[in-house]
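K.L.:
First the structure, which I've put down as structure tokens, then a few questions once you've had a look.
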Amino acid sequence: MTDLKSLLPDELEEYVLALGEPKFRAKQLFQWLAKGAESFEQMSNLPKGFREKLSADGYVDTLKLLRKQVSAEDGTIKYLWQLHDGNAVETVLMRYKHGNSVCISSQVGCRQGCAFCASAIGGLVRNLTAAEMLGEVMYSEKDSGEKVSNIVIMGIGEPLDNFDNVIRFLRLVNRPEGMNIGMRHISLSTCGIIERFEDLAREDMQMTLAVSLHAPDDETRSRLMPANRGRGVARLIDACQDYYKRTGRRVTFEYAMINEVNDSPVQAKQLASAAKRVGAHVNLIPLNHVEERQFQPTTPERMKDFCRVLDKAGVNYTIRRKLGGDVDASCGQLRRSRELEERRQE
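FYI, in the working numbering the residues of the sequence shown are 153 to 498.
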């Protein structure tokens with residue numbers, strides 16, 4: 153069976169022609185898929201015979217809402233979607249003055265094993281398809297009744313570990329006749345799979361590359377992020393610098409502030425040096441505590457001391473507003489709580 157929602161317009165044309173239908177039907181089909189049609193029966197301007205051919209050979213991927221949590225503090229919505237095979241992924245809709253952002257997952261689980269993250273508990277199950285990632289955006293819009301203007305691929309999973317499907321998703325969501333979300337309104341977050349940076353640069357997509365740095369020295373970063381082992385911070389910074397030269401797009405350093413782990417003044421100086429070298433913007437993230445992990449958020453006092461060093465160095469940084477703290481907004485928390493409940497019922 154063919155996953156029609158994952159096909160690009162030119163691929164849909166080939167598919168439609170192979171079914172013996174005129175080429176213009178592909179445009180009609182793509183428009184229905186981009187609107188979030190859940191069945192061929194809903195595609196009212198397609199002939200019955202064509203719809204029968206489609207249902208015999210293809211399918212429209214759909215998501216089922218398992219859980220929805222709405223923050224009483226800031227209106228952030230946390231979704232848990234069930235996929236066709238029974239697996240589940242999370243999506244977060246965040247409201248800002250500049251518009252709504254949706255944080256989507258790119259994998260079921262994650263193989264990277266970051267020590268402070270709930271997503272990696274249990275390891276990687278499988279990659280998401282382009283259609284499933286599109287579904288996260290579409291269904292979040294449909295359920296909330298609000299337009300999504302920004303996308304961050306920063307949920308469960310490592311996007312560059314699912315490179316081909318993520319690139320396909322980006323091309324689809326960017327199509328003017330589709331969801332038409334501009335590349336400059338999309339951020340892709342990676343733990344530093346530098347082997348894929350050149351491939352990403354070659355795609356020439358004007359998105360923001362966000363690198364989850366989280367520590368400026370190898371000892372701390374390797375302890376927090378196994379992906380650093382065999383690569384190292386120095387090589388990661390070199391790769392960021394090369395990416396900037398190739399694309400003209402400055403990277404963002406994501407930095408989760410963890411109490412007495414990566415928040416010392418010395419580490420602030422090291423971070424400032426790395427950021428200034430590649431012209432990176434630094435996004436300081438107050439850590440969301442995960443029950444299964446021992447780490448705690450940086451104290452306000454240590455945060456102030458850390459920022460004071462960055463200010464003195466002239467580094468461009470922001471402190472991310474903490475959203476959805478009352479709805480398990482950290483990546484993987486809601487999926488993890490469902491898994492634990494299912495185990496208790498066995």
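Glycine included, every Cβ here is placed at the ideal spot set by N, Cα and C.
Name the two residues that bound the continuous alpha helix (DSSP H) containing K179.
P.N.:
Element bounds for K179: 176 to 187.
K.L.:
Check the C-beta distance from V277 over to I303 and give it rounded, since I have them as a contact under 8 angstroms.
P.N.:
Actually they do not touch by this definition, with Cβ atoms about 22 angstroms apart.
K.L.:
Taking just the CA atoms, how far does N414 sit from Q448?
P.N.:
Near 11 angstroms, if we compare the C-alpha coordinates of N414 and Q448.
K.L.:
Quick check on L217: buried or exposed, where buried means 16 or more other Cβ atoms within 10 Å of its Cβ?
P.N.:
Flag for L217 reads exposed.
K.L.:
Out of K187, K428, G188, C459, state which residue places its alpha-carbon closest to the alpha-carbon of L436.
P.N.:
Of the listed residues, the one whose Cα sits closest to L436 is C459.
K.L.:
What are the start and end residues of the beta strand (DSSP E) that includes A408?
P.N.:
Taken as a continuous stretch (DSSP letters only), the beta strand (DSSP E) holding A408 covers 404 to 409.
K.L.:
Identify which residue in S258, I338, N239, A386 has its Cα closest to the Cα of D316.
P.N.:
Comparing Cα positions, the closest option is S258.
K.L.:
Taking only three categories from DSSP, how would you classify G265?
P.N.:
G265 falls in the coil class under three-state DSSP.
K.L.:
Count the C-beta pairs between the stretch 244 to 253 and the stretch 220 to 230 that are closer than 8 angstroms, then say yes if the count reaches three, no if not.
P.N.:
Segments in contact, yes.
K.L.:
Quick one: grab the DSSP three-state call for Q525.
P.N.:
Because the chain in this structure spans residues 153 to 498, residue 525 falls outside the shown range and cannot be described.
K.L.:
Counting only the same chain and skipping the five closest in sequence on each side, list residues whose C-beta sits under 8 angstroms from that of F202.
P.N.:
Hits under 8 angstroms: L171, E173, R177.
K.L.:
Tell me whether M525 sits in a helix, a strand or coil according to DSSP, three-state version.
P.N.:
Nothing about residue 525 can be reported from this structure: the residues present for the chain run from 153 to 498 only.
K.L.:
DSSP three-state label for E165, please.
P.N.:
If DSSP states are grouped into helix, strand and coil, E165 belongs with the helices.
K.L.:
What is the C-beta distance between E163 and D213, in whole angstroms, given that I count them as a contact (C-beta under 8 angstroms)?
P.N.:
Contact doesn't hold; Cβ gap of about 15 angstroms is too wide.
K.L.:
In this structure, how does DSSP classify K230 when only helix, strand and coil are distinguished?
P.N.:
Strand, per DSSP.
K.L.:
Should R320 and S158 be called a contact, given that it needs their Cβ atoms to be closer than 8 angstroms?
P.N.:
A contact, by the Cβ cut-off of 8 angstroms.
K.L.:
Answer yes or no: do H433 and R402 have a C-beta to C-beta separation smaller than 8 angstroms?
P.N.:
It is a contact, given that the beta carbons lie within the stated cut-off.
K.L.:
Less than 6 angstroms between C-beta atoms, sequence neighbours within five positions excluded: which residues of the same chain meet that for A426?
P.N.:
So the list reads P368, I389, once near-sequence residues are dropped.
K.L.:
Evaluate the contact criterion for the stretch 327 to 339 versus the stretch 294 to 314: three or more CB pairs, one atom per stretch, below 8 angstroms.
P.N.:
These segments touch.
K.L.:
In the DSSP assignment, what are the bridge partners of I471?
P.N.:
Paired residues: L436.
K.L.:
Express the C-alpha separation of T399 and Q358 in angstroms, rounding to a whole number.
P.N.:
Taking the straight line joining both Cα atoms gives about 8 angstroms.
K.L.:
Spatial neighbours of D351 within its chain, please: CB distance less than 7 angstroms, with the 5 preceding and 5 following residues excluded, ordered by chain position.
P.N.:
Result list for D351: F315, in chain order.
K.L.:
Have a look at E310 and A267 and give me their C-alpha separation to the nearest angstrom.
P.N.:
Their Cα atoms are separated by approximately 14 angstroms.
K.L.:
Output the distance between the C-alpha atoms of L492 and M290, rounded to the nearest integer angstrom.
P.N.:
Note that L492 scores 42 on pLDDT, short of 50, meaning its location in the model is unreliable and no value can be drawn from it.
K.L.:
Whole angstroms is fine: what's the gap from S271's alpha carbon to T372's?
P.N.:
Rounded to the nearest angstrom, the two C-alpha atoms are 20 angstroms apart.
K.L.:
Between the C-alpha atoms of G297 and N252, what's the straight-line distance to the nearest angstrom?
P.N.:
One C-alpha to the other measures close to 11 angstroms.
K.L.:
Select from P438, D463, L280 the residue whose C-alpha is nearest the C-alpha of R473.
P.N.:
The candidate whose alpha carbon is nearest that of R473 is P438.
K.L.:
Label M409 either buried or exposed according to how many other C-beta atoms from any shown protein chain fall within 10 Å of its C-beta, with 16 as the threshold for buried.
P.N.:
Classification for M409: buried.
K.L.:
If you count every other CB in all the chains shown that lies within 10 Å of the CB of E412, and 16 or more means buried, which is it?
P.N.:
With fewer than 16 other Cβ atoms within 10 Å, it is exposed.
K.L.:
Quick check on the DSSP output: the beta strand (DSSP E) that includes R219 runs from which residue to which?
P.N.:
Element bounds for R219: 216 to 222.
K.L.:
Using three-state DSSP, classify C343 as helix, strand or coil.
P.N.:
In this structure, C343 counts as coil in the three-state DSSP scheme.
K.L.:
Who does A362 pair with in a DSSP beta bridge?
P.N.:
DSSP lists S341, T404 as partners of A362.
K.L.:
Classify Q264 as buried or exposed, calling it buried when 16 or more other Cβ atoms lie within 10 Å of its own Cβ.
P.N.:
Buried, by the Cβ-count rule.
K.L.:
Is E494 helix, strand or coil when you go by DSSP?
P.N.:
Residue placement at E494 is flagged as unreliable, the pLDDT there being 47, under the threshold of 50; the coordinate-derived value follows with that caveat. In this structure, E494 counts as helix in the three-state DSSP scheme.
K.L.:
Are the Cβ atoms of W233 and L206 separated by less than 8 angstroms?
P.N.:
No, the Cβ-Cβ distance between W233 and L206 is not below 8 angstroms.
K.L.:
Could you spell out the range, first to last residue, of the beta strand (DSSP E) harbouring V304?
P.N.:
Segment 300 to 305, the beta strand (DSSP E) holding V304.
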